[in-house]
Amino acid sequence: MSRFACVLVEHFDAAAIERCEPALRERPLAILDPRVDRPNDGREGAPVMTTIEANAAAREHGVRPGMTQTEARARCPMLLTRLRVEEYVASARHALLEAALAVSPRIEDGGAGLAYVETVGLERLIGDPAAIGRRLVHQVRAIGLIPRVALAASRTAARMAAVNESGAVTIIPPGRERATLAKIPITALDLAPDLAATLGRWGVRTLGELAVLPREGLAARLGPPGLRAHDLALGLDRDPFRPWTPPPFWEEAQGLEWEIDSLGVLAGVLETVLERLCRRLAAVSLAADSLEIRLGLASGGHHARDVSLAYPMSELKAMLTLVVFDLEANPPPAAVTRVAISAHPIRTQAGQGGLWQPPAPAPRDLVTVLARLAALVGADNLGSPVLLDSHRSDAFAMLAFSPPSDHPAAPIGNRASAGGASASGQRLALRRMRPARRVEVETIGERPVRVEARLVVASAGPWRASGEWWDRQAWARDEWDVALGDGALCRLARDRLAGHWYLDGFYD
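Using the working numbering, read the sequence shown as starting at 3 and increasing by one per residue.
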């Protein structure tokens, strides 16, 4: 038998604003919409700020949708107001559906602040209907909305119970839908005005009184609207279930009532927006692979940045650090009036490290260090060096850094030792100087005999190398290993094209 849960967030336009500003949740709040619908202050066509939604605290003081701002403040002097922001409502609506999708794979979008969840089979995974309801409440609260949840055999019965019951979770036992709905006022159906007036003249005040009316008589006198109202009073679903699938992108946005020209202040707004985005990702066990930052500017333009993440993440602090460092290196050209952040989500898989490697640093710590280094030395100077196919000394290129993959290490007894071996069996390591230091060298013929007044007592070489003679980057050099009179053993290099000598390194 089918079972459904209805997830309801009341006064949704106000709830979307409260999600962005949680401090407003306990204060009277009205959402306004500027309209040019009637004169104001004697001026024809002047805009009238109309209340389109009010939260529960404002409704306790008599504030209702449809009132002008002046009328609403007359009823509630401490009323706070905000303009309706379509982006806030859209983000909150998607967040609600995503939270429900984390509980059941089959959900339906019932409109702003309303989602239906098919719960058949969830008992084996979550528990009884009460446990399913609590799970839904927890998931929705995690993304910053306060829901009421009702479970019943039909979507209609679940919605009626969610609208009219005050508890966080309401359960209608199978077969008790009609009895549970009987006492609910008929005004809960949101009928057309003419149909509601007709039923009022008949003395129908509750769903129970509507449900007992003969169906044939309703069809003859009221037509299809009357039959539909009768189905709703009985708690029957006549419309098919339309599963909802998530959109291909995830975005959170926030408009600003003032211009921000300080990165420190902007970081606070970015943190608020990223926190909402991270909650959405965590609610469905996803991680962000990359971020797109889009800043609205006071000049009317936009400043967009793509922030690549070193690994898929949903941690707020690491993502905020990367975004701030990127904006430090690429600041917006004007004051910021709007912030929007979208993420490319992927599903991560857990893995196990190798047994023979030392523990790798935590990815969030590694990516933070890389971002700090990029801000200090520049992104082009940070990466992993890779040797090039060339005989030139120190021929390498910098590639983007990525953590090494886990490969089994060779047994300890078979590991090769680095460095060269001398005739006595001692191993020497060449510590190269970067950059190589230019020195004055006296020679007899080509052989060095004195290095900056220090006598050369032994020498070996030259080892000649050259390349790229066909290009402007042509090079040619001689290398010598020399022992100096003070006991130092070093390597010299002579640039044959320029005729200069360099101290290339010391042997330890």
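Cβ atoms here follow ideal geometry from the backbone N, Cα and C, with glycine treated the same way. Fair warning: this is a prediction, and the values are worked out from it, not measured in the lab.
Inter-residue Cα distance where the pair is residue i and residue j
i, j, result
"alanine 17", "leucine 390", "59 Å"
"arginine 126", "phenylalanine 6", "16 Å"
"leucine 258", "methionine 51", "19 Å"
"glutamate 442", "arginine 436", "18 Å"
"histidine 96", "leucine 384", "38 Å"
"serine 392", "arginine 296", "44 Å"
"aspartate 233", "serine 168", "24 Å"
"leucine 318", "arginine 278", "9 Å"
"glycine 177", "threonine 83", "44 Å"
"valine 199", "threonine 182", "The sequence given here places alanine at residue 199; valine does not occur at that position. Straight-line Cα distance between these residues: approximately 24 Å."
"cysteine 22", "tyrosine 90", "8 Å"
"arginine 439", "alanine 500", "15 Å"
"arginine 157", "proline 107", "16 Å"
"isoleucine 54", "leucine 378", "50 Å"
Buried or exposed by the 16-neighbour rule on C-beta atoms within 10 Å, applied to residue i
i, result
"aspartate 483", "buried"
"asparagine 332", "exposed"
"aspartate 192", "exposed"
"glutamate 62", "exposed"
"histidine 304", "exposed"
"alanine 213", "buried"
"alanine 160", "buried"
Residues bridged to residue i (per DSSP)
i, result
"tyrosine 118", "Cys8, Glu110"
"threonine 189", "DSSP lists no partner for threonine 189."
"tryptophan 477", "Gly469"
"aspartate 308", "Glu294"
"serine 344", "Glu253, Glu294"
"leucine 85", "Leu34"
"glycine 202", "DSSP, once it has assigned bridges, lists no residue as partnering glycine 202."
"aspartate 483", "Ala462, Arg493"
"tryptophan 503", "Val441, Arg496"
Residues of its chain near residue i, where Cβ-Cβ distance is below 8 Å and the 5 sequence neighbours each way are ignored
i, result
"arginine 230", "Arg240"
"leucine 85", "Ile33, Leu34, Asp35, Pro36"
Beta-carbon proximity of residue i to residue j, cut-off 8 Å
i, j, result
"isoleucine 109", "proline 242", "no"
"valine 275", "glutamate 294", "no"
"leucine 138", "alanine 102", "yes"
"arginine 433", "phenylalanine 508", "yes"
"leucine 268", "isoleucine 348", "no"
"serine 344", "tryptophan 252", "yes"
"alanine 59", "leucine 34", "no"
"leucine 116", "leucine 209", "no"
"leucine 147", "isoleucine 134", "no"
"glutamate 330", "leucine 272", "no"
"valine 451", "alanine 485", "no"
"valine 151", "alanine 190", "no"
Own chain, CB closer than 7 Å to residue i, minus 5 neighbours either side, in chain order
i, result
"glutamate 100", "Pro248, Arg282, Ala285, Val286"
"arginine 136", "Val171"
"alanine 342", "Glu253, Ala255, Arg296"
"proline 187", "Arg207, Thr208"
"aspartate 111", "Leu99, Ala117, Trp246"
Spatial neighbours of residue i in its chain, beta-carbon cut-off 6 Å, leaving aside the 5 residues before and after
i, result
"aspartate 308", "Glu294"
"leucine 324", "Val309, Ala373"
"alanine 300", "Glu261, Ala336, Ala337, Thr339"
"aspartate 516", "Examination of residue 516 is not possible in this model, given that the chain is present from 3 through 510 alone."
"valine 65", "Ala32, Ala56, Ala74, Arg77, Cys78"
Residue i beta carbon near the ligand MG (any heavy atom closer than 7 Å)
i, result
"arginine 27", "Annotation note on the ligand MG: not contained in the displayed structure, which lists no ligands."
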